[in-house]
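K.L.:
There's a structure below that I have some questions on.
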Amino acid sequence: MSLEEALAYLDSAEGDELAAAFALARDRNSLDGAAVGEPDPAEVHHALFLLRRARGLSAPSFDLMRVQLRARAA
Numbered sequence: 024m025s026l027e028e029a030l031a032y033l034d035s036a037e038g039d040e041l042a043a044a045f046a047l048a049r050d051r052n053s054l055d056g057a058a059v060g061e062p063d064p065a066e067v068h069h070a071l072f073l074l075r076r077a078r079g080l081s082a083p084s085f086d087l088m089r090v091q092l093r094a095r096a097a
């Protein structure tokens with residue numbers, strides 16, 4: 024993932040890094056031909072990792088991301 028692609032996802036998510044990662048995971052699943060549906064936490068974490076790596080940031084914590092996803096779902 025390029026910096027420009029990462030910034031485009033973040034821009035479309037209005038700066039919300041987790042929402043951008045969720046959208047990226049969904050797009051990656053659709054490109055892989057996966058059934059339409061919610062990406063699982065591992066897929067969202069991988070997408071978040073890609074977004075952060077493209078911007079030169081540290082890897083995200085899987086546990087913290089899962090807590091944030093649960094909080095949004097509630």
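Mapped onto my numbering, the consecutive letters of the sequence shown carry residue numbers 24 to 97. Heads up, the beta-carbon is just placed ideally off N, CA and C, and yes, glycines get one too. Every value quoted in this text rests on a predicted model; they were computed, and no experiment measured them.
#1: How many Å lie between P64 and L33 at the Cα?
#2: Measure the C-alpha to C-alpha separation of D39 and S25 and round it to an integer number of angstroms.
#3: When the Cα atoms are used, what is the spatial distance from G79 to A97?
#4: With DSSP collapsed to three states, give me the class of D50.
#5: Assuming the contact rule is C-beta atoms closer than 8 Å, L74 and A44 should be a hit. Round their C-beta distance to whole Å, please.
P.N.:
From the atom records:
#1: 19 Å
#2: 18 Å
#3: 31 Å
#4: helix
#5: 6 Å
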